[in-house]
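Below: one structure, written as structure tokens.
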Amino acid sequence: SVNGGFIVHPDRQHYVYPLGCTVVIEDINEKKQEFLHGHSNNVVCLDISKCGKWIASGQTTHMGYKADVIVWNYLLREPYAKFTLHKVKVQALCFSPNAKYLATLGGQDDGRCSAFLIESILVLLFGLFPVRKQYVEVLLNI
């Protein structure tokens with residue numbers, strides 16, 4: 671299963687969902703699909719900023735490798751930033767309500783949380799914390 675696996679974009683004209691290593695943007699009325707390529711393995715979590723400007727996707731990978739988080743520019747349909755910090759899997763990710771920050775949570779083999787300042791592509795926080803969704807929610811209220 672995919673965390674945030676099927677989302678209606680805030681423009682109410684598109685669905686966004688993962689399909690293997692790809693993020694799909696589908697026009698609801700025209701049934702036309704666009705594909706965002708960039709992950710090397712299955713996308714396992716997805717979020718869209720409330721303003722609709724950004725899409726974030728996280729992947730899983732194999733033991734011994736780090737998993738990517740990609741922030742996509744929705745209008746340009748291209749990668750804006752790529753972060754490779756978590757071991758094996760990105761368990762969850764979430765934008766702050768104002769879309770300035772992205773919080774990510776690594777899987778059980780990683781145990782780390784991170785927070786990114788989107789506009790400057792800056793890592794604000796990365797460290798070992800008890801892995802709980804509540805910590806991500808706290809980060810997003812910065």
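Using my numbering, read the sequence shown as starting at 671 and increasing by one per residue. C-beta atoms are modelled at their ideal positions from N, C-alpha and C, and glycine is treated no differently.
One thing to note: V714 has its Cβ within 8 angstroms of the Cβ of N673. Apart from the 5 residues on each side of it in sequence, G708 sits with its Cβ closer than 6 angstroms to the Cβ of I740 and P749 in its chain, given in chain order. In the three-state scheme derived from DSSP, where H, G and I count as helix and E and B as strand, D780 is classed as coil.
Excluding the 5 residues flanking it on each side, K736 has same chain C-beta neighbours closer than 7 angstroms at T754, L755, H756 and K757, in chain order. By the beta-carbon neighbour count (other beta carbons within 10 angstroms, threshold 16), S710 is exposed.
Within the same chain, I695, E696, D697 and I698 come within 7 angstroms of H684 by CB-CB distance, once the 5 residues on both sides are set aside. In the three-state reduction of the DSSP assignment, D681 falls in the coil class. DSSP places F676 outside both helix and strand once states are collapsed to three, so it counts as coil.
When the Cα atoms are used, D779 and P680 turn out to be separated by approximately 33 angstroms. Judged by beta-carbon spacing, L716 lies within the 8 angstroms limit of G675, meaning their Cβ atoms are closer than that value. Following the DSSP letters along the chain, one finds G728 inside the beta strand (DSSP E) bounded by residues W724 to Q729. Secondary structure note for V693: its beta strand (DSSP E) is the uninterrupted segment T692 to D697. For the pair A773 and L763, the CB atoms are nearer than the 8 angstroms cut-off. A straight-line Cα-Cα distance of about 8 angstroms links P688 and S727.
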